[in-house]
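All remarks here apply to the structure that follows.
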Amino acid sequence: MIDEVVMLRHGRTPYNLQHRLQGQIDVPLDIVGQWQADQSGYALAGRFYWAKVSRLAANPGLIAQPPADAAKRTDLSQYAEAPAARRRMVVISSDLYRAQQTAHAFADLLGLEVICDARLRERSFGQWEGLTREQIKTIDAEAYASWKRHTGGETRYGVESRAHVGERGAKAVRELIAEYADDTPTTMMLVGHGSWITATVANLLELNPDGMNALGGMRNACWCRLKVRHTLNGQPAEQPLFELEEYNTAPAIAGSADWENGPADLRGPNMPGWRPIVW
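Per the UniProt record's numbering, the very first residue in the sequence shown carries number 1; after that it's consecutive.
Written out as structure tokens, the structure reads:
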């Protein structure tokens, strides 16, 4: 049974650096994005270390043993009896490569499988995919302004509406929860995209997806966390209920390092600096 959902946005890509709309174009992480994914992966692997213990308890043959002439063997019962053995972690990623890279930066540390699922794909930006904001304004300033105001002018260019992104995202989350409806308490890590995460969380919390102040955007390689409840007043709920516990959380290093640009020793002479988005 899924009782916790974590949603992690992918690290920086070249399109993010250039402020190009990626949508469903398959763009990999750049060097700074890989660093961001790794830093978040380290932080989350530390928090969810129990998931490694859970995996080893379920697969005791993977637990390292000393040579036969050692004084003691590794005590497998410690893993089987640990409270962690009674939980499970599943990692599910958008099938776009930048999300897969970010998922593996976390999952590989704990020895967990990454399951790819196209239902977690980013919002489609239609004819605007690959364009910068300046290019979009040149093409249709009115539609751009409407997009900025959350009044839907972008949809005339085949851009998926925020409401639709939230609906398909929430549907995917509920379907995945139903797929793990056994008795094992489970944390589900979903690795995907900023617009998808924001719209999906808004839908799950029954917020207006076009509300200007409902939820802010997600930074690269940051995460949110939702508690999932399956009962209401002691009775089974008709569908899962969600409570937002964290939103747009970054690892501790983001507070002391230049998160958007990465460490100086990663930035070559031809790499431009990241600039805040100016609408």
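From the three backbone atoms N, C-alpha and C, an ideal C-beta is built for every residue, glycine too. The model shown is predicted, which means the values in this text are computed figures rather than measured ones.
| request: Measure how close the beta-carbons of serine 161 and glycine 153 come, nearest whole angstrom, since I'm counting them as under 8 angstroms. | output: So it is not a contact: roughly 11 angstroms between Cβ atoms.
| query | Touching or not, the segment 98-110 and the segment 71-88, by the rule of three or more beta carbon pairs under 8 angstroms? | reply | No contact exists between the segment 98-110 and the segment 71-88.
| said: Quick check: arginine 174 and glutamate 4, are their CB atoms within less than 9 angstroms of each other? | reply: No, they are not a contact pair.
| Whole-number beta carbon distance between leucine 244 and leucine 205, since they are thought to touch under 8 angstroms | Under the criterion of beta carbons closer than 8 angstroms, leucine 205 and leucine 244 qualify as touching, at roughly 6 angstroms.
| query | Using the C-alpha atoms, what's the distance from tryptophan 259 back to alanine 221? | reply | Cα to Cα, the separation comes out at about 10 angstroms.
| field | Classification of aspartate 30 by the beta-carbon crowding that lies within 10 angstroms, buried from 16 upward | value | Burial call: buried.
| field | Host beta strand (DSSP E) of asparagine 248 (start-end) | value | The continuous beta strand (DSSP E) containing asparagine 248 extends over residues 235-249.
| said: My output table needs one value for arginine 121: the three-state DSSP class, helix, strand or coil. | reply: Reduced to three states, the DSSP call for arginine 121 is coil.
| task | Along the alpha helix (DSSP H) that carries glutamate 129, what are the first and last residues, could you check? | result | It is not in any alpha helix (DSSP H) - glutamate 129 carries neither H nor E in the DSSP assignment.
| request: Measure the alpha-carbon distance for glycine 61 versus phenylalanine 125 and round it to whole angstroms. | output: Approximately 47 angstroms, taken between the alpha carbons.
| field | Sufficient close CB pairs (3 or more, under 8 angstroms) joining the segment 34-41 to the segment 122-138 | value | Because the criterion of three Cβ pairs below 8 angstroms is not met, the segment 34-41 and the segment 122-138 do not touch.
| query | For glycine 130, which of Glu142, Lys148 and Val159 has the nearest alpha-carbon? | reply | Selection Glu142, Lys148 and Val159 evaluated against glycine 130 yields Val159 as nearest (Cα-Cα).
| message | On the criterion of 16 or more Cβ atoms from any shown chain inside 10 Å, does glutamate 246 qualify as buried, or is it exposed? | response | Flag for glutamate 246 reads exposed.
| request: Give the DSSP-derived three-state secondary structure of serine 161 in the structure shown. | output: In this structure, serine 161 counts as coil in the three-state DSSP scheme.
| task | Can you tell me which of Ala43, Cys116, Gly273 and Gln65 puts its alpha carbon nearest to the alpha carbon of residue 283? | result | In this structure the chain extends from 1 to 279, so residue 283 is not present and cannot be described.
| task | Assign valine 53 to one of three DSSP states: helix, strand, or coil. | result | Assigned with DSSP and collapsed to three states, valine 53 falls in helix.
| message | If you measure between the beta carbons of asparagine 248 and methionine 212, is that distance less than 9 angstroms? | response | No, Cβ-Cβ distance for asparagine 248 and methionine 212 is not below 9 angstroms.
| query | Can you name the residues that DSSP bridges to arginine 229? | reply | Paired residue(s): Leu241.
| message | Please report the distance separating the alpha-carbon of methionine 7 from that of valine 191. | response | When the Cα atoms are used, methionine 7 and valine 191 turn out to be separated by approximately 6 angstroms.
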